[in-house]
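For the sequence shown, the numbering used here begins at 7 and goes up steadily by one. C-beta atoms are modelled at their ideal positions from N, C-alpha and C, and glycine is treated no differently. Remember, predicted model here, so these are calculated numbers, not experimental data. To start, the structure itself, in structure tokens.
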Amino acid sequence: MNHIVVTGGAGFLGSHLCRRLIARGDRVTAVDNFSTGRAANIADLTGHPRFALRTTDTTAFGAFTGLDGITHIAHLAHPGSPFAAARDSAAVVRAACTGTLAVLDLAAAHTARIVLASGPDPGTRLDSRRPAAFEAHRTGHHLIETAAHHDRRTSTGIARLFEVYGPHLAPGDGRATATICAAALRAQTLYLTDDPAQSFVYIADAVDALTRMLDTDIPGPIDIAGPTLRVSEFARTAIALAGTGWLETTPGRARPDSAVPDLARTRNSLGWRPSTDLPTGLHSTLTWMRTVVAGAQTPRSC
């Protein structure tokens, strides 16, 4: 039986990954300090005989003490939400530096496979509005790649996730998908001053790719992405499915399109391609988020 440690296991991505791993028969230990993760995300796993939760920080002394038989580590302990990253930039950098070193030591001690979930092109694309998040991704990449070169006993991999959406994505998350879906459900007008092309991938597809990445020895970076669309197309689909909301586009400053994922390489390496079409994925997302918006709650998300 695999024993997989998922850092950030109570977050948006981590909770879905924990659920998938438990469903296929693995033993899972989720590690989360709940700075952005939510207990509700993993409530259905509480009490499961193959699931354990450690409420601690990856940078804390003794965070992984006593864990046995670890075969894999999915390192997701960094905020995917731009709002969360901006709230505490020092914590983001600590997680990327000290936290990544800690999980690398854990992987080496158990000869375990470690996969880092990151964003697209952290080494070349700088967002001056979020320098801490940028530096965190770049540092995490560097540490993982360095470990691969200097310690052949540790199998490392890097998964570059593009814009992920799905149930448990909180309305106040700050990502484009969360903002669009929440605005539609609240019957608000969404204003776009530019309309870049962006890759959107449904959470179930992203988790499937991450699971395959854990099961291989491919170092990556491997792109986990979906169809590349204009943001306005995503917004119009969300508004149509929600039955409320409006979209207004106005001329604005030119903004470059997001990085284009290399899905051919992903197919060849993992035998994976996204299978969820946009209407299906958005319907599931809106169905879940509708109850949150109706209850006037704004849960935090990773």
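In the three-state reduction of the DSSP assignment, Ile224 falls in the coil class, being assigned neither a helical nor a strand state. Taking the C-beta atoms as reference points, Phe168 is found nearer than 9 Å to Val207. Here DSSP, grouped into helix, strand and coil, assigns Trp252 to strand.
Within the same chain, and ignoring the five residues on either side of Pro126 in sequence, the residues whose Cβ sits closer than 6 Å to its Cβ are Arg166, Phe168, Ala265.
In this structure, Ile28 sits away from Ala80, with a CB-CB distance that is not shorter than 9 Å. When the beta-carbon positions are compared, Pro227 and Pro280 stay at least 9 Å from each other.
For His148, the secondary structure class from DSSP, reduced to helix, strand or coil, is helix. Take the alpha-carbon of Asn8 and the one of Ser161: they are about 15 Å apart. Excluding residues up to 5 positions away in sequence, Thr64 lie with their Cβ nearer than 6 Å to the Cβ of Ala108 in the same chain.
Scanning its chain for C-beta atoms nearer than 8 Å, with the 5 sequence neighbours on each side dropped, one finds around Leu122 the residues His81, Thr106, Gly146, His147, Ile150, Thr162, Gly163, Ile164, Ala165, in chain order. Proximity to Ala16 across Ile245, Arg60, Ile224, Leu284 peaks at Arg60, based on C-alpha coordinates.
Between the beta-carbon of Ala231 and that of Leu292 there is about 21 Å, and that puts the pair past the 8 Å contact cut. Between Gly72 and His116, the alpha-carbon positions lie close to 12 Å from each other. Secondary structure note for Leu167: it is in no alpha helix (DSSP H), and the uninterrupted beta strand (DSSP E) holding it is 161-167. If you draw a 10 Å sphere on the C-beta of Asn39, you find 16 or more other C-beta atoms in it, and that means buried. Contact between the region 266-279 and the region 175-195 is absent, with fewer than three C-beta pairs closer than 8 Å.
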